[in-house]
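Have a look at the structure below, then the notes.
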Amino acid sequence: MPWESIKLNSGYYIPSIGFGTWTLGNGQGPIDQVEQALENGYNHIDTAQSYRNEGETGVALKESGLTRSDVFVTTKYSGTNGLDIPTSIRNSVNSLGISYVDLYLVHSPRLAVPDIPTCWAQMEKVKEDGLAKSIGISNFGVQDMEILLGSAKVKPAVNQILLHPYVYRQQKPILEYAAKNGIVIEAYSALIPITKLPGGPLDKPLNEIAAKFGVTADQVLLAWTKAKGAVVVTTSSKKTRLQGYLAAGDITLSLEDIAAIDAAGALGEKKVNMKTILKRVVVGAIACTAVFGACNFLGISML
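Residue numbers (the numbering used here): 6 to 308.
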């Protein structure tokens, strides 16, 4: 299926669809789900220190019987338990039961302490020590990337970010800056318009395009993400959906299809932002009411 591997600026190749473990928790569940993904053709597994299932991912990798070179493994430095990068990467590879990861990411710019240049120098040492073939970032904005590239000896290979049509306009500068500097974009939560925000402006074009191709709306969303040049990181506990996500690689959207999704996404972005603002106002009002009530009960004047 045409989820072709993409060449990174490090010289290595990354499979353009990966199975993510973010929402899987720990215990037997993630072991079973990672094994199921591997059995169904996923050769890119994405985990992180903060997901607390690197050990389970490692068990699944071992039980799969696949050789190390058969699977592309990503994990992330999340600052968990206050551990530094040198300690964290060694803990991660030990938990995963492997000698190196294919890709190691800084999970967020806020974790770059005391600053981004110092943090990135430590990431470069991870690569130099052979603990990661490629290094990258996650959730970095344009300004964060500018600071990083100002001192970097090794460019980040990828930037893994939230990407779906409702956030495309606000994330577009990141995509453009990354493309200009040879940094591959990885997209997480690409299916949010369906899974978390149904009933929005995207429903109509997604369903119409899905009917045209004889596929599902979630497959169309993944095809849209691929059309934007991004690597997809997705997940499901259902075998049929995993197979459907792989099949989405066969879908080639027209420029008109992509434009229709972009337009609906831009319209939905405004509505999503308004909902967020209203939610914050309501939460703030409830908080203020609670404060005034407590002060009144205690006989404290707020005037």
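Glycine included, C-beta positions come from ideal geometry on N, C-alpha and C.
Spatial distance of residue i from residue j (CA atoms)
| i | j | result |
| --- | --- | --- |
| A265 | T92 | 47 angstroms |
| G34 | G155 | 42 angstroms |
| P20 | V106 | 14 angstroms |
| A162 | K132 | 12 angstroms |
| G32 | E61 | 7 angstroms |
| D37 | L29 | 10 angstroms |
| A53 | L260 | 35 angstroms |
| S97 | V159 | 22 angstroms |
| L13 | D134 | 19 angstroms |
| D51 | V118 | 24 angstroms |
| E274 | D267 | 10 angstroms |
| C124 | I94 | 13 angstroms |
| Q224 | L153 | 35 angstroms |
| A252 | A42 | 14 angstroms |
| A228 | Y18 | 20 angstroms |
| G16 | L180 | 20 angstroms |
| G249 | I22 | 12 angstroms |
| L202 | G63 | 33 angstroms |
| G141 | T239 | 19 angstroms |
| A65 | S241 | 16 angstroms |
| T72 | E151 | 38 angstroms |
| D208 | S104 | 45 angstroms |
Counted within 10 angstroms of its Cβ, other Cβ atoms place residue i as buried (16 or more) or exposed
| i | result |
| --- | --- |
| S143 | buried |
| T245 | exposed |
| G204 | exposed |
| E213 | exposed |
| S74 | exposed |
| E59 | buried |
| T230 | buried |
| D367 | Because the chain in this structure spans residues 6 to 308, residue 367 falls outside the shown range and cannot be described. |
| D255 | exposed |
| L226 | buried |
| T79 | buried |
| P7 | exposed |
| G219 | exposed |
Under 7 angstroms between C-beta atoms of residue i and residue j
| i | j | result |
| --- | --- | --- |
| Q165 | E191 | yes |
| L116 | G70 | no |
| P206 | L272 | yes |
| V237 | A184 | no |
| I199 | A222 | yes |
| V147 | P122 | no |
| Q176 | L168 | yes |
| A216 | I263 | no |
Among the options, nearest to residue i - alpha-carbon criterion
| i | options | result |
| --- | --- | --- |
| K81 | E274, V220, S139 and Q33 | S139 |
| Y193 | K209, Y173, V39 and P210 | Y173 |
| G234 | G187, L211 and G270 | G187 |
| D120 | A157, K177, H49 and Q54 | A157 |
| K243 | V39, L168 and G141 | V39 |
| S10 | Q248, D262 and V189 | V189 |
| I90 | Q127, T72, A65 and N99 | Q127 |
| N99 | G219, S241 and K67 | K67 |
| H49 | F24, V220 and P210 | F24 |
| L88 | S104, V111 and T72 | V111 |
Nearest-angstrom Cβ-Cβ length linking residue i and residue j, presumed shorter than 8 angstroms
| i | j | result |
| --- | --- | --- |
| Y320 | T26 | With the chain represented from 6 up to 308, any question about residue 320 goes unanswered, as that position is not in the structure. |
| Y109 | A137 | 4 angstroms |
| P114 | F145 | 5 angstroms |
| P170 | G270 | 3 angstroms |
| G86 | L247 | It is Asn, not Gly, that sits at residue 86 in the sequence shown. Not quite, the Cβ-Cβ distance comes to about 32 angstroms (not below 8 angstroms), so this is no contact. |
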